[in-house]
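Visitor:
Protein chains: 2
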Amino acid sequence: MAEPAPIDFYFDFISPYAYFASKLIGPVAARVGRRANWRPFLVGVPVIQVMGLRPLMETPLKSDYILEDLARLSRHFDIPILLDTNFASNSRAAARAFYWLADRDARAAEEFARSAFDALWRDGRDISDPDVVVALAGTVGADGRQLAEALRGERLRQRLIDEVTAAVARGVFGSPFFLVDGARYWGTDRLAHLESALKGSADSS
Amino acid sequence: MAEPAPIDFYFDFISPYAYFASKLIGPVAARVGRRANWRPFLVGVPVIQVMGLRPLMETPLKSDYILEDLARLSRHFDIPILLDTNFASNSRAAARAFYWLADRDARAAEEFARSAFDALWRDGRDISDPDVVVALAGTVGADGRQLAEALRGERLRQRLIDEVTAAVARGVFGSPFFLVDGARYWGTDRLAHLESALKGSADSS
Numbered sequence: 001m002a003e004p005a006p007i008d009f010y011f012d013f014i015s016p017y018a019y020f021a022s023k024l025i026g027p028v029a030a031r032v033g034r035r036a037n038w039r040p041f042l043v044g045v046p047v048i049q050v051m052g053l054r055p056l057m058e059t060p061l062k063s064d065y066i067l068e069d070l071a072r073l074s075r076h077f078d079i080p081i082l083l084d085t086n087f088a089s090n091s092r093a094a095a096r097a098f099y100w101l102a103d104r105d106a107r108a109a110e111e112f113a114r115s116a117f118d119a120l121w122r123d124g125r126d127i128s129d130p131d132v133v134v135a136l137a138g139t140v141g142a143d144g145r146q147l148a149e150a151l152r153g154e155r156l157r158q159r160l161i162d163e164v165t166a167a168v169a170r171g172v173f174g175s176p177f178f179l180v181d182g183a184r185y186w187g188t189d190r191l192a193h194l195e196s197a198l199k200g201s202a203d204s205s
Numbered sequence: 001m002a003e004p005a006p007i008d009f010y011f012d013f014i015s016p017y018a019y020f021a022s023k024l025i026g027p028v029a030a031r032v033g034r035r036a037n038w039r040p041f042l043v044g045v046p047v048i049q050v051m052g053l054r055p056l057m058e059t060p061l062k063s064d065y066i067l068e069d070l071a072r073l074s075r076h077f078d079i080p081i082l083l084d085t086n087f088a089s090n091s092r093a094a095a096r097a098f099y100w101l102a103d104r105d106a107r108a109a110e111e112f113a114r115s116a117f118d119a120l121w122r123d124g125r126d127i128s129d130p131d132v133v134v135a136l137a138g139t140v141g142a143d144g145r146q147l148a149e150a151l152r153g154e155r156l157r158q159r160l161i162d163e164v165t166a167a168v169a170r171g172v173f174g175s176p177f178f179l180v181d182g183a184r185y186w187g188t189d190r191l192a193h194l195e196s197a198l199k200g201s202a203d204s205s
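Listed in order, the protein sequences are those of chains A and B.
So for the first sequence, this note's numbering puts the first residue at 1; every next one is plus one.
So for the second sequence, this note's numbering puts the first residue at 1; every next one is plus one.
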């Protein structure tokens with residue numbers, strides 16, 4: 001029997017909800033016998049350019065509430081999170097580094113992604129700084145000089161643009177976002193629905 | 001001992017997520033020993049006027065996804081919902097009728113709210129039509145002629161404006177939305193967090 005399709009896990013490093021998902025997706029995937037396929041993208045592209053909305057933390061009323069909600073989720077999942085971190089940070093360098101790594105070693109890329117999430121949301125480091133990104137990639141075995149050069153080049157820049165375009169074309173518009181077996185799930189709180197749907201399909205196979 | 005504070009349950013009849021909440025809030029409130037205080041409002045006011053966003057079903061990418069999400073929630077909660085109903089329906093007449101009833105008989109107002117939700121989301125009736133609203137109110141004992149007259153008047157129109165303004169001033173920006181003990185909960189999926197928080201407070205009291 002062929003390996004079942006992976007769960008495509010779309011996320012933006014700047015999304016605090018995706019940070020929680022980065023801790024939860026592994027156990028969920030294991031329980032349903034699927035692989036998680038990590039796909040960083042830039043959530044601002046669908047939110048601002050396609051949907052015509054505002055960034056989450058620049059939306060009146062919602063921004064205050066989000067902090068309250070995140071504090072509760074942090075307790076609920078028992079995952080510490082810094083709530084005074086730089087929400088305006090941008091994740092281009094980290095996302096580009098991810099794909100550079102992924103072309104060389106998929107496992108290292110995923111490890112890098114976990115450490116970039118922790119760097120921003122647990123340790124308060126500025127992952128918009130390419131030097132920080134290169135240092136994080138070094139801890140998973142990347143050649144820092146080569147990566148730093150790639151981060152300055154056009155090719156990797158275009159690679160991320162292509163990934164974001166492909167994600168939006170598949171209907172991805174939020175972070176975290178999960179695609180599997182033709183179904184879309186938006187938000188950490190929908191992981192339970194994904195798990196229940198995949199358990200159903202596993203039981204009937 | 002004084003009665004504990006109620007759960008303020010803010011909702012817009014046009015919100016399909018609020019329809020699910022209208023079925024769930026009673027059992028949740030009973031389990032935590034609180035009363036639910038039903039408060040219809042017009043979610044378009046905070047969403048469009050204050051937050052500068054678009055109506056949910058007029059947002060590219062999101063509108064398709066919402067239908068997929070609602071179909072799953074319908075199965076998850078075992079609550080049938082019409083997904084080809086008129087999402088663009090407006091709820092002003094129903095919300096005004098609710099407050100007119102509430103000033104006379106709080107229990108009848110709540111019963112009316114349940115039946116207006118069912119009329120729109122289960123039976124596909126057009127609750128933007130004052131005649132439909134008056135007929136629904138008649139089933140909970142309202143005097144149809146008096147209500148119809150009130151629905152044409154300035155006083156009830158202003159009453160709803162005041163209620164919406166007060167809701168937004170309290171930080172309500174979505175539907176369903178729950179306020180209790182100084183905490184805000186947005187969305188049907190946060191009812192579990194509300195329940196868990198109130199169970200914690202009940203245990204320690």
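We treat Cβ as the ideally placed atom computed from N, Cα and C, and that holds for glycine.
No experiment lies behind these values; they were computed from the predicted model shown.
Measure the alpha-carbon distance for B/ILE81 versus B/GLY153 and round it to whole angstroms.
Guide: Locating residue 81 of chain B in the second sequence gives position 81, where the first residue counts as 1. Locating residue 153 of chain B in the second sequence gives position 153, where the first residue counts as 1. Their backbone Cα atoms lie some 33 Å apart in a straight line.
Visitor: I'd like to know if A/SER175 contacts chain B, where contact means its C-beta is closer than 9 Å to some C-beta of that chain.
Guide: In the first sequence, residue 175 of chain A corresponds to position 175, counting from 1. Taking Cβ atoms only, chain B never reaches closer than 9 Å to A/SER175, which makes this a no.
Visitor: Just list the alpha helix (DSSP H) runs in the stretch 126-203 of chain A, keeping only unbroken ones of 4 residues or longer that don't cross its boundaries, in chain order.
Guide: Within the stretch 126-203 of chain A, the complete alpha helix (DSSP H) runs of at least 4 residues are 130-138, 144-152, 154-169.
Visitor: So what does DSSP say about A/ASP118, is it helix, strand or coil?
Guide: The sequence position of residue 118 of chain A within the first sequence is 118, counting from 1. Residue state, collapsed to three classes: helix.
Visitor: Decide if A/ILE161 is buried, meaning its Cβ has at least 16 other Cβ atoms within 10 Å, or exposed.
Guide: The residue given as residue 161 of chain A occupies position 161 in the first sequence. Its Cβ having fewer than 16 others within 10 Å, A/ILE161 is exposed.
Visitor: Can you find a CB in chain A that lies within less than 9 Å of the CB of B/ALA5?
Guide: One-based indexing of the second sequence puts residue 5 of chain B at position 5. Not an interface residue.
Visitor: What separation, rounded to the nearest whole angstrom, lies between the Cα atoms of A/ASP189 and A/VAL172?
Guide: Your numbering for residue 189 of chain A matches position 189 in the first sequence. Your numbering for residue 172 of chain A matches position 172 in the first sequence. Spanning the two alpha carbons is a distance of roughly 16 Å.
Visitor: Can you pull out the residues from the stretch 58-70 of chain A whose beta carbon lies closer than 9 Å to at least one beta carbon of chain B?
Guide: If the cut-off is 9 Å between Cβ atoms, the stretch 58-70 of chain A has THR59, PRO60, LEU61, LYS62, ASP64, TYR65, GLU68, ASP69 near chain B.
Visitor: Which residues in chain B sit within 8 Å of A/GLY171, going by Cβ to Cβ distance?
Guide: Translated into positions along the first sequence, residue 171 of chain A becomes position 171. Chain B residues near A/GLY171: LEU61, ASP64, TYR65.
Visitor: Determine the closest residue to B/ARG114 out of B/TRP38, B/ASP105, B/SER196, with distance taken between C-alpha atoms.
Guide: By 1-based counting over the second sequence, the position of residue 114 of chain B is 114. Of the candidates B/TRP38, B/ASP105, B/SER196, the one whose C-alpha sits nearest the C-alpha of B/ARG114 is B/TRP38.
Visitor: Measure the CB-CB distance between B/TYR10 and B/PHE41 and report whether it falls below 9 Å.
Guide: Indexing the second sequence from 1 puts residue 10 of chain B at position 10. Indexing the second sequence from 1 puts residue 41 of chain B at position 41. Yes.
Visitor: How long is the line joining the alpha carbons of A/GLY144 and A/TRP100, rounded to whole angstroms?
Guide: By one-based count along the first sequence, residue 144 of chain A stands at place 144. By one-based count along the first sequence, residue 100 of chain A stands at place 100. Rounded to the nearest angstrom, the two C-alpha atoms are 12 Å apart.
Visitor: For a cutoff of 9 Å on Cβ pairs, would you count B/TRP186 as touching chain A?
Guide: In the second sequence, the residue the question calls residue 186 of chain B occupies position 186. Cβ-Cβ to chain A under 9 Å: yes for B/TRP186.
Visitor: Rounded to whole angstroms, what is the Cα-Cα separation between B/ALA5 and A/ARG75?
Guide: Here the question's residue 5 of chain B lines up with position 5 in the second sequence. Here the question's residue 75 of chain A lines up with position 75 in the first sequence. Approximately 24 Å, taken between the alpha carbons.
Visitor: Should B/ILE7 and B/ARG34 be called a contact, given that it needs their Cβ atoms to be closer than 9 Å?
Guide: Mapped onto the second sequence, residue 7 of chain B falls at position 7. Mapped onto the second sequence, residue 34 of chain B falls at position 34. Against a cut-off of 9 Å, the Cβ pair of B/ARG34 and B/ILE7 comes out as a contact.
Visitor: What are the residues in the stretch 72-106 of chain A lying within 7 Å of chain B by C-beta distance?
Guide: Cβ contacts with chain B come from ARG72, HIS76.
Visitor: So, with DSSP's three-state summary, where would you put A/PHE13?
Guide: One-based indexing of the first sequence puts residue 13 of chain A at position 13. A/PHE13: coil per DSSP, three-state reduction.
Visitor: How long is the line joining the alpha carbons of A/LEU198 and A/ASP84, rounded to whole angstroms?
Guide: Walking along the first sequence from the start, residue 198 of chain A turns up at place 198. Walking along the first sequence from the start, residue 84 of chain A turns up at place 84. Taking the straight line joining both Cα atoms gives about 36 Å.
Visitor: Taking A/ILE48 as the reference, give the member of B/TYR185, B/THR59, B/ASP103 with the closest Cα.
Guide: Position 48 of the first sequence holds residue 48 of chain A. Measuring from the Cα of A/ILE48, the nearest candidate turns out to be B/THR59.
Visitor: Kindly say whether B/GLY44, judged by its beta-carbon, lies nearer than 9 Å to any beta-carbon of chain A.
Guide: Working through the second sequence from its first residue, we reach residue 44 of chain B at position 44. Taking Cβ atoms only, chain A never reaches closer than 9 Å to B/GLY44, which makes this a no.
Visitor: Using CA atoms only, rank isn't needed, just tell me which of B/GLY200, B/ASP12, B/ARG170 is closest to B/ASN90.
Guide: The sequence position of residue 90 of chain B within the second sequence is 90, counting from 1. Residue B/ASP12 is the option with its Cα nearest to B/ASN90.
Visitor: Quick one: which unbroken beta strand (DSSP E) runs of 3-plus residues sit fully inside the stretch 29-54 of chain B? Chain order, please.
Guide: Counting only runs of 3 or more, we get 36-40.
Visitor: Any Cβ of chain A within less than 9 Å of the Cβ of B/ALA197?
Guide: Locating residue 197 of chain B in the second sequence gives position 197, where the first residue counts as 1. Output row for B/ALA197: interface = yes.
Visitor: Tell me the residue span of the alpha helix (DSSP H) that contains B/GLU68.
Guide: As a first step, residue 68 of chain B must be located in the second sequence, where it is residue number 68. Run containing B/GLU68: 62-77, per the alpha helix (DSSP H) assignment.
Visitor: Which residue comes first and which comes last in the alpha helix (DSSP H) that contains B/ARG92?
Guide: Reading the second sequence from its first residue, position 92 is the one you call residue 92 of chain B. 92-102 is the extent of the alpha helix (DSSP H) around B/ARG92.
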